[in-house]
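Here the protein sequences line up with chains A and B, keeping their order. FYI, the working numbering numbers position 241 of the first sequence as 252, with every residue one higher than the one before it. FYI, the working numbering numbers position 158 of the second sequence as 173, with every residue one higher than the one before it. Input: a single structure, listed below in structure tokens.
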Amino acid sequence: MSDSLQFDRSGRLRHFLTLEGLPRDLLVRIMDTAESFASVTEQQVKKVPLLRGKTVVNLFFENSTRTRTTFELAAKRLSADVLNVNIATSATSKGESLLDTIRNIEAMRVDMFVVRHAESGAAHFIAGHVQPHISVLNAGDGRHSHPTQAMLDMFTIRRHKGDFSRLKVAIVGDVLHSRVARSEILALNTLGAREVRVVAPRTLLPAAATESLGVRVYHDLDQGLAGVDVIIMLRLQRERMTGAFLPSEHEYFERFGLTEARLAKAAPDVIVMHPGPINRGVEIDSRVADGPHSVILQQVSNGIAVRMAIMSLVLRGSEEGYPGVAI
Amino acid sequence: MSAERIAILNGRVVDPASGTDAVVPVYLADGAVAAVGSRPDGFAADRELDAAGLVVCPGLVDICARLREPGQEHKGTILSETRAAAAGGITTLLCPPDTDPIADTPAVARLIRSRAQRAGFAKVEIMGAMTRDLAGKELSQMYALRDAGCRAVTNAQFPLANALVLRRAMEYAATCGLVVVVRPDEPSLRGTGCVHEGAVGARLGLPGIPVTAETVAVAQVLALVEETGVQVHFGQLSSARAVEMVAQARVRGHPVSADVAIHHLHLTEDALGGFDAHAHVQPPFRAGGDRLALRRALAAGVVGAVCSDHQPHELDAKLDAFPSTESGVAAMELLLPLTLKLAEEGELDLATALARLSCGPADIFGMPVGRLAAGRSADLCIFDPAAVWKVEQGQWQSNGRNTPYWGQSLKGRVVATLVAGEVVYRSGPSVIGAG
């Protein structure tokens with residue numbers, strides 16, 4: 012779909028918008044590169060000079076302190092200059108068009124936009140209209156795509172599980188509204204996971220989920236979790252109750268919340284993941300979120316290394332080699 | 016009206032209403048058709064047009080096109096869009112009332128018609144607003160709208176407050192002798208959707224519009240038609256199930272008809288590609304099975320008309336994240352070639368295809384156009400069925416360039432358009448021009 016937009020003429024990754032159309036080798040390379048950056052972030056001096064002189068703009072049309080912070084840290088550890096532009100309280104509320112906002116910041120001679128936007132397709136639109144030397148990195152667009160989150164989740168899974176081909180993965184919750192779920196499903200299928208399941212009531216699943224997304228659909232959590240190696244819980248937004256998707260948080264937790272008893276249905280060495288921020292007692296019990304199977308906080312720290320890998324790949328992709336730990 | 020006497024010679028005359036499909040001359044005098052076939056006694060042509068190799072057919076009747084004036088002249092004007100109509104071989108237009116001010120009073124309807132008359136490129140008729148301000152609550156002054164020349168009323172894409180308003184509007188419109196046009200759309204099911212609720216929308220994470228947004232509305236209207244006997248025309252159907260419901264109602268003898276927009280006969284949800292805003296339309300492009308059913312219903316006559324659903328936009332309207340872009344396609348100039356494409360693909364024969372663009376739509380609204388019979392207004396379209404042309408600047412007349420076909424080549428090109436015997440469009444240095 013977006014192959015032509017994501018790659019330049021010589022087949023080099025120019026933008027990072029979606030995992031759709033990205034080959035398995037590239038995803039593996041991202042994880043391998045992230046592995047080398049992970050050791051950087053564990054050292055006393057956490058910086059590498061890979062992107063010295065480059066300017067990365069965090070263009071957030073939707074507030075997210077957490078995601079913005081990890082992108083900011085990732086860019087700074089690559090020695091890039093970082094500019095944070097919070098549009099939710101800035102230009103577009105004064106009536107400036109999205110394209111004008113882009114043009115203005117572009118004129119400041121920047122190298123990369125990290126874009127978060129509430130509407131599906133926003134990152135594609137921006138990538139289709141920026142000057143040729145600028146790369147766009149999608150930090151989440153509407154319900155469509157959140158490819159860096161999916162890659163950090165894959166990285167986390169690989170660190171714990173190694174080979175994907177024997178893994179059964181269950182994604183539980185509001186798949187309909189989730190860009191994270193869409194990107195994770197693409198990533199898992201590209202990496203050859205044995206089985207990708209989604210577990211949710213029908214109101215929280217997209218039409219024809221099986222065919223359109225390539226997943227097995229479950230409406231019963233116990234069945235959906237049976238024997239799985241990885242559980243990914245999705246955040247449930249409060250507005251799903253007012254939108255008549257669900258009757259109450261209580262009933263949702265009763266049927267689809269992850270508790271210790273339910274966790275017992277999965278494989279004994281199952282890992283539990285969540286893109287955050289978590290709603291304790293809504294989609295996940297605190298004992299599970301803080302329990303021995305949970306890798307939720309590792310996801311957060313892995314996020315920095317994975318975003319460093321993707322940023323360096325996109326901005327320096329034509330140059331051979333990744334010095335990684337060399338300071 | 017032209018007093019000139021014109022003889023159109025050597026053309027293949029296709030007049031679906033009379034069943035004519037033959038190389039015969041057409042004679043025009045005093046802005047009307049004088050004869051098809053044999054030269055009237057004493058007819059001396061002031062001008063002869065050689066239409067060898069061309070098709071001569073009734074001027075096309077487009078029953079849903081927006082001109083954008085008054086109120087949205089940055090998108091299009093009566094002048095620019097009627098000129099585009101002429102370039103598309105369209106001689107009669109029926110326009111929805113969602114102008115600014117809204118055409119819910121005779122004054123606005125008269126204003127548009129008089130400006131169109133002054134422009135002189137096409138006959139323009141207005142669908143009156145069914146409710147005041149299109150707000151869906153109180154009835155518009157339908158008798159006054161009828162007296163101002165409206166043949167139909169509609170609430171266009173705007174919702175009605177409830178089924179009772181719809182029922183009353185249908186009954187009152189029938190009392191006035193107006194056709195009710197419904198663009199079936201249940202707003203609660205559409206919600207914030209912007210694409211077909213299907214595989215592509217699910218993958219792109221774009222909010223979907225289920226088929227039931229259309230079928231629930233169709234079912235409601237059909238139940239009211241059954242009870243009241245009022246004639247209703249469904250505009251721009253998009254789904255297989257909806258045309259099936261209309262077909263069943265017609266079999267049962269209910270006075271319902273339907274049209275589809277030309278691009279829905281060609282494009283599906285796959286046109287969304289990488290968030291192509293030119294594929295943002297309402298109702299949305301649906302699945303392949305829906306497109307097939309629309310084509311079959313068109314061939315069978317359940318769908319009696321193809322319209323352009325022309326909605327010209329300024330460039331900025333399509334420059335945003337997909338859900339924030341405005342919906343609609345500028346399509347008048349593509350109406351004929353894309354309909355001919357259906358014939359070429361074997362969905363229906365040429366005469367039937369042209370019927371859906373001429374007498375078909377005209378008959379739904381009782382308009383005295385769309386046929387080449389002696390005494391009728393000399394509204395004609397002459398086209399070259401074999402000419403291939405590229406959709407690009409230079410050819411294009413509409414102010415809106417918002418079409419998924421921009422840059423593509425299409426077959427079938429209008430050579431000349433006549434309204435009341437007057438040549439209002441002529442493409443390039445054609446044979447016709449030499450007349």
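Backbone N, C-alpha and C define an ideal beta-carbon position, used for all residues, glycine too.
Listed by chain order, chain A residues near P85 of chain B by CB distance under 8 Å:
Chain A residues near P85 of chain B: none, gap ~24 Å exceeds 8 Å.
Chain B contact for E222 of chain A (CB, 8 Å cutoff):
Closer than 8 Å to some Cβ of chain B, the Cβ of E222 of chain A qualifies, so yes.
Find the residues of chain B that neighbour R246 of chain A, judging by a C-beta separation of less than 7 Å, and give them in chain order.
Under the 7 Å cutoff, chain B gives no residues; its nearest Cβ is about 16 Å from R246 of chain A.
So, using beta-carbon positions, are T243 of chain B and M185 of chain B closer together than 8 Å?
In contact: T243 of chain B and M185 of chain B (Cβ atoms closer than 8 Å).
The segment 319-345 of chain B: positions lying closer than 8 Å to chain A by Cβ:
Residues are counted here when their Cβ sits less than 8 Å from a Cβ of chain A; for the segment 319-345 of chain B these are D331, L334, D335, A336, F337, P338, S339, given in chain order.
Less than 8 Å between the C-beta atoms of E117 of chain A and I98 of chain A, yes or no?
When the beta-carbon positions are compared, E117 of chain A and I98 of chain A stay at least 8 Å from each other.
Determine, using beta carbons only, whether G104 of chain B comes closer than 8 Å to chain A.
For G104 of chain B, no CB of chain A lies under 8 Å from its own CB, so it is not counted at the interface with that chain.
L28 of chain A vs A138 of chain A beta-carbon contact at 8 Å:
Contact flag set, yes.
How would you list, in chain order, the residues of chain A whose beta-carbon sits under 8 Å from the beta-carbon of F290 of chain B?
At a C-beta separation below 8 Å, F290 of chain B has these neighbours in chain A: S131, G132, H135, F136.
Going along chain B in order, which residues have a C-beta closer than 8 Å to the C-beta of G153 of chain A?
Think of a sphere of 8 Å around the beta carbon of G153 of chain A: the chain B residues whose beta carbon falls inside it are G220, L221, A336, P338, in chain order.
Check the C-beta distance from D233 of chain A over to R273 of chain A and give it rounded, since I have them as a contact under 8 Å.
Right, the Cβ-Cβ distance comes to about 6 Å (below 8 Å), so this counts as a contact.
Between the segment 104-118 of chain A and chain B, which residues of the former have a C-beta closer than 9 Å to a C-beta of the latter?
Answer in chain order: S108, L109, L110.
Contact under 8 Å by Cβ, S253 of chain B with R301 of chain B:
Yes; because the gap between Cβ atoms is below 8 Å, this pair is in contact.
Can you list, in chain order, the residues of its chain whose CB lies under 7 Å from that of R318 of chain A, leaving out five sequence neighbours each side?
Cβ neighbours of R318 of chain A beyond the five flanking positions: T81, F82, A85, T159.
At a CB-CB cut-off below 7 Å, which residues of chain A make contact with G213 of chain B?
A218, A219, listed in chain order.
Take V96 of chain A and list the residues in its own chain whose beta-carbon comes closer than 8 Å to its own, dropping the five residues that flank it on each side.
The residues are V68, N69, L70, F71, I116.
Let me confirm a value: S275 of chain A is counted as buried when at least 16 other C-beta atoms fall within 10 Å, else exposed. Which label applies?
Reading off the sequence, residue 275 of chain A comes out as Ala, not Ser. By the C-beta density criterion, A275 of chain A is exposed, having fewer than 16 other C-beta atoms within 10 angstroms.
Kindly list the residues whose CB is nearer than 6 Å to the CB of L425 of chain B, restricted to its own chain and excluding five residues on each side of it in sequence; keep chain order.
So the list reads P352, once near-sequence residues are dropped.
Below 8 Å on the Cβ atoms is my guess for I244 of chain A versus I295 of chain A; work out the distance and round it to an integer in Å.
Checking the displayed sequence, the identity of residue 244 of chain A turns out to be Met instead of Ile. About 5 Å separates the two Cβ atoms, so the contact holds.
Taking only the alpha-carbon atoms, compute the straight-line gap between G332 of chain A and L324 of chain A and give it to the nearest angstrom.
Note that G332 of chain A has pLDDT 42, beneath the 50 cutoff, so the model's placement of it is unreliable and the number below is only indicative. In this structure, the straight-line span from the alpha carbon of G332 of chain A to that of L324 of chain A is close to 10 Å.
Please report the Cβ distance between V76 of chain B and T107 of chain B, rounded to the nearest whole angstrom; I am assuming they are in contact, meaning their Cβ atoms lie under 8 Å.
Contact flag correct, Cβ pair sits at about 5 Å.
Quick check on the burial criterion: 16 or more other C-beta atoms within 10 angstroms. Buried or exposed for K65 of chain A?
By the 10 Å Cβ count, K65 of chain A comes out buried.
Is there at least one Cβ from chain A nearer than 8 Å to A286 of chain B's Cβ?
For A286 of chain B, not one C-beta of chain A is nearer than 8 Å to its own C-beta.
Quick one: grab the DSSP three-state call for E222 of chain A.
In the structure shown, E222 of chain A sits in a helix (DSSP, three-state: H, G or I).
May I ask you to report which of helix, strand or coil DSSP gives I113 of chain A?
Three-state DSSP puts I113 of chain A in a helix.
Is there a Cβ from chain A that is less than 8 Å from the Cβ of A44 of chain B?
Not an interface residue.
If you reduce the DSSP assignment to three classes, tell me which class L62 of chain A lands in.
DSSP places L62 of chain A in coil when its eight states are reduced to three.
Do you know how far the Cα of A50 of chain B is from the Cα of D56 of chain B?
Approximately 10 Å, taken between the alpha carbons.
Between A286 of chain B and S17 of chain B, how many whole angstroms is the CB-CB distance? I'm expecting something under 8 Å.
Taking C-beta atoms under 8 Å as the contact rule, A286 of chain B and S17 of chain B fail to qualify, at a distance of about 42 Å.
Going by C-alpha distance, which of B:I127, B:E241, B:V344 is nearest R416 of chain B?
Measuring C-alpha to C-alpha distances from R416 of chain B to each of B:I127, B:E241, B:V344 identifies B:V344 as the nearest.
Cβ-based neighbour list, T114 of chain B, same chain, cut-off 6 Å, excluding 5 preceding and 5 following:
Excluding residues within five positions, the ones whose Cβ falls inside 6 Å are P85, G86.
Report yes or no: do the segment 207-219 of chain B and the segment 267-281 of chain B share at least 3 C-beta pairs separated by less than 8 Å?
With fewer than three CB-CB distances shorter than 8 Å, the segment 207-219 of chain B does not count as touching the segment 267-281 of chain B.
Option nearest A32 of chain B by Cα separation, candidates B:G409, B:G375, B:V430, B:Y420:
If we check each option's Cα against that of A32 of chain B, B:G375 comes out closest.
Under a Cβ-count criterion, where at least 16 other Cβ atoms within 10 Å of its own Cβ denotes burial, should A449 of chain B be classed as buried or exposed?
A caution first: A449 of chain B carries a pLDDT of 43, below 50, which makes its placement in the model unreliable, though a value can still be read off. When all chains shown are included, A449 of chain B counts as exposed.
Expressed to the nearest angstrom, what Euclidean distance is found between the alpha-carbon atoms of V318 of chain B and F249 of chain B?
Those two C-alpha atoms are separated by around 9 Å.
For A332 of chain B and S53 of chain B, what's the separation of their Cα atoms in angstroms?
A332 of chain B and S53 of chain B: Cα-Cα distance of roughly 52 Å.
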